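Here the working numbering is used: the first residue of the sequence shown is 3, the next is one more, and so on. Cβ atoms here follow ideal geometry from the backbone N, Cα and C, with glycine treated the same way. Because the structure is a prediction, the values reported are computed rather than measured. Below is one structure, written out as structure tokens; comments come after it.
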Amino acid sequence: MNPQDQNFQFAWIIIASVIAFSSGCRPVPKSNLAFEVSALHAYDGSAVPDIGITLESRIVSDGLFNGNYELLSEGSTDASGTIVLGFPRSNALDYRITGNEDDWFERQMLVNPDAFLGDETQSIVLEMTPSAEITIRLVNSNPFDEMDAIQFRTLNVPGDYLTCSNAWGSYSGFDAVEERTCWIEADRFLAFTYRTMRNGEWFEFVVDSIYVPRGSELDFSLPW
């Protein structure tokens, strides 16, 4: 081998050694996928800080499907209502993102892993709805006889959450007291309607409303 060939071979050995050394020392990224989650108020789209966010996944490991969700990352939204949750790649079947905090209804979203085929960071919006507990008490405060009666219903529209039933209820009796406790969307007015019977005669329907602030344990009594 002539000296020129020896120098060329030696140069390639040095280059290969440098590449191998640098590759061996390069840190492996701990997190190469991420969800940027924004918690927004369902009514007006404003940012909601301090919402607890959890990220879970179901995975296939060694050819076996684990049907349980496993926690990948968690945290709380910042002042702008946003949090970035990073996590390593895995053989995930799906991802579940949950927003949950006191005085708010829980919100969940499922994401297909194929969403990451185009971009390693995905933006997710969780629309959060404020909640409150309300106790509605109907009291016959001016009894006339055993035929006294009231028909009552709330006028809330059923949505994504288990809230107060808006079905009609009829209650009668000289000393009738009806009480129900339920969850309701808060930071808004709860409309209701009712009519009463006295001396065997039904009066006209009345429509009214009450404001329900978020996080309250509201005790609402309706004397009739």
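Supposed close pair residue i, residue j - CB separation, criterion 8 Å
i, j, result
"Gly88", "Ala36", "4 Å"
"Val113", "Ser40", "With 8 Å as the limit, Val113 and Ser40 do not qualify as a contact, their Cβ atoms being about 14 Å apart."
"Thr123", "Glu38", "6 Å"
"Glu108", "Trp185", "Contact doesn't hold; Cβ gap of about 11 Å is too wide."
"Pro215", "Ala188", "6 Å"
"Asp210", "Phe176", "That belief does not hold up - the Cβ atoms of Asp210 and Phe176 are roughly 24 Å apart, past 8 Å."
Residues of its chain near residue i, where Cβ-Cβ distance is below 8 Å and the 5 sequence neighbours each way are ignored
i, result
"Ile212", "Phe191, Leu192, Phe194, Leu220 and Phe222"
"Ser92", "Ser59 and Ile61"
"Val237", "Any question about residue 237 goes unanswered here, given that the chain covers just 3 to 226."
7 Å Cβ shell around residue i - same chain, five flanking residues per side excluded
i, result
"Trp170", "Gln153 and Arg155"
Burial state of residue i (16 or more Cβ within 10 Å)
i, result
"Gly120", "exposed"
"Ser172", "exposed"
"Ser149", "In the sequence on display, residue 149 carries Met and not Ser. Met149 is exposed by the Cβ-count criterion."
"Glu206", "exposed"
"Asn286", "The structure shown does not extend to residue 286, since the chain is modelled only from 3 to 226, so the question has no answer here."
"Glu103", "buried"
"Cys27", "Confidence at Cys27 is low in this model, with a pLDDT of 38, below 50, so the placement of that residue should be treated as unreliable; the coordinate-derived value is given next. It is exposed - the Cβ of Cys27 has fewer than 16 other Cβ atoms within 10 Å."
"Pro145", "exposed"
"Pro90", "exposed"
"Leu73", "exposed"
"Leu157", "exposed"
"Leu164", "exposed"
"Tyr196", "buried"
"Ser133", "buried"
"Ala94", "buried"
"Ser24", "Note on Ser24: pLDDT 42, under 50, position unreliable in the model; the coordinate value appears next. Counting Cβ neighbours within 10 Å, Ser24 comes out exposed, since fewer than 16 surround it."
Other residues of its chain near residue i: CB distance less than 6 Å, five sequence neighbours each side excluded
i, result
"Val30", "With a pLDDT of 37 at Val30, under the threshold of 50, the predicted position of this residue should be treated as unreliable, and no value is reported."
"Ile138", "Arg182 and Phe222"
"Thr247", "Absent from the structure is residue 247, since the part of the chain shown begins at 3 and ends at 226."
"Ser75", "Leu57, Leu87 and Phe89"
"Ser125", "Glu38"
Counterpart residues of residue i in DSSP-defined beta bridges
i, result
"Glu148", "DSSP output for Glu148 lists no bridge partner at all."
"Pro225", "Val141"
"Glu219", "Glu135"
"Phe191", "Tyr213"
"Glu203", "Arg200"
Alpha helix (DSSP H) segments (min. 4 residues) lying fully within the region 30-59: none
Which runs of the alpha helix (DSSP H) at least 4 residues long sit entirely within the region 71-138? Give them in chain order. none
Could I get the ranges of all uninterrupted beta strand (DSSP E) runs contained in the region 141-189, with 3 residues as the minimum, in chain order? 151-156, 171-174 and 179-187
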